[in-house]
Amino acid sequence: MSGRDLTNQTFGRLTALEKVGRQKNGNALWKCVCSCGNKATVDSYRLTHGVTKSCGCLRREKSCNGLLSNEATKARMGDPTPLKKWKHTKESLKAGARNRSGFVGVSYDNQAENWVARMMVNGKYILNEHFDSKDEAILKRKTVEKVYKK
Numbered sequence: 258m259s260g261r262d263l264t265n266q267t268f269g270r271l272t273a274l275e276k277v278g279r280q281k282n283g284n285a286l287w288k289c290v291c292s293c294g295n296k297a298t299v300d301s302y303r304l305t306h307g308v309t310k311s312c313g314c315l316r317r318e319k320s321c322n323g324l325l326s327n328e329a330t331k332a333r334m335g336d337p338t339p340l341k342k343w344k345h346t347k348e349s350l351k352a353g354a355r356n357r358s359g360f361v362g363v364s365y366d367n368q369a370e371n372w373v374a375r376m377m378v379n380g381k382y383i384l385n386e387h388f389d390s391k392d393e394a395i396l397k398r399k400t401v402e403k404v405y406k407k
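Counting along the sequence shown from 1, when you hit position 41 you're at 298 in the working numbering, and nothing is skipped either side.
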């Protein structure tokens with residue numbers, strides 16, 4: 258094995274477990290475990306240079322904190338009036354033109370090379386999981402939607 262051995266080294270919230278391959282550019286790929294318990298596959302450059310610091314939980318926390326620190330947003334959170342007023346509810350449930358999956362809340366993660374199902378309720382992610390197939394991700398998203406649409 259050429260290159261630096263990162264096994265058991267911690268980078269931000271990620272601890273490198275084992276080398277699992279190489280990127281097209283030649284960088285080593287490492288399977289890591291995050292302090293939150295999720296696993297992620299990250300290339301060695303992103304780990305050692307601080308580009309990737311977590312499985313995504315850090316970004317979610319910062320995003321949520323930023324959202325909750327905005328008083329105007331916080332005041333409107335949970336208030337469906339603007340959506341009803343402008344009739345945007347249907348538009349928010351339509352897949353955008355750039356949506357590769359064709360299904361709202363399911364996207365492809367080029368970095369990890371897998372599918373991600375996401376759903377946010379009241380400013381918190383209740384679903385943020387990675388799947389090997391698009392069908393698995395869509396099924397999980399539909400299942401979670403049914404629970405929260407009741």
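From the three backbone atoms N, C-alpha and C, an ideal C-beta is built for every residue, glycine too.
Computed from a predicted structure; not experimentally measured.
| message | Comparing C-alpha positions only, which one of Cys291, Val299 and Thr272 sits nearest to Arg279? | response | In terms of Cα proximity to Arg279, the closest of Cys291, Val299 and Thr272 is Val299.
| When you compare each of Thr267, Ser301 and Ala332 to Gln368 by their alpha carbons, which one comes out closest? | Ser301
| task | For the stretch 271 to 325, list the beta strand (DSSP E) runs that are entirely contained and at least 3 residues long, ordered along the chain. | result | 271 to 279, 285 to 291 and 296 to 300
| With DSSP run on the structure shown, which of helix, strand or coil describes Lys381? | strand
| message | Closer than 8 Å is the cut-off here; do at least three beta carbon pairs connect the stretch 266 to 276 with the stretch 287 to 297? | response | Flag = yes, the stretch 266 to 276 and the stretch 287 to 297 touch.
| said: So, under 8 Å CB-CB, Val363 and Ile395 are touching, yes? Tell me the CB distance rounded to an integer number of Å. | reply: 5 Å between Cβ atoms; contact.
| query | Roughly how many angstroms separate the alpha carbons of Phe388 and Asn371, rounded to a whole number? | reply | 6 Å
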